[in-house]
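Heads up: the structure comes next, in structure tokens.
In the numbering used here, the protein residues as written are 1 to 148.
Below, the structure is given as structure tokens:
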């Protein structure tokens, strides 16, 4: 019974974040990072604003993709706002490990995104789930290069 409840919660969360994604749209004056998943055609433009202290001040996205890709981007934006880039890099790695089926000591820090762990059962969907997170890593790398 518990498994079916978890499965139901997973489906509900993915559907909700996919139908009503959080932080969707552009950020004026911010050049987006664009990544795509050539395997399935998902595309994301990620807008990232980092303050002078290295915290994610704002983030948004525009995408054309499947429900998992959209939900993952929505969940990710909720999680990272207000966090320092170093912490966000750790969260991105934890999420990547999670959806690849690796055990984590705790998934609390991933919020709703922890429910995407089931993607590990479908290796072809891992790229969908990690697309936004990879765009975020690339945006932070570019931001770091600009700061030097």
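In this text, a Cβ means the ideal position worked out from N, Cα and C, and glycines have one as well. In this text the structure is predicted, and so the values were computed from the model without any measurement.
query, result
"Does DSSP classify residue 30 as helix, strand or coil?", "coil"
"Express the C-alpha separation of residue 53 and residue 148 in angstroms, rounding to a whole number.", "With a pLDDT of only 46 at residue 148, under 50, the local geometry of the prediction cannot be trusted, and the value read off the model is given with reservation. Between residue 148 and residue 53, the C-alpha separation is close to 14 Å."
"Using a Cβ-Cβ distance cut-off of 9 Å, determine whether residue 58 contacts chain C.", "The question asks about chain C, but that chain is absent: this structure has only one protein chain."
"When you compare only the Cα positions, how much space is there between residue 106 and residue 60?", "26 Å"
"Within 10 angstroms of its Cβ, does residue 17 collect 16 or more other Cβ (buried), or is it exposed?", "buried"
"Where residue 80 and residue 131 are concerned, what is the direct C-alpha to C-alpha distance, given to the nearest angstrom?", "15 Å"
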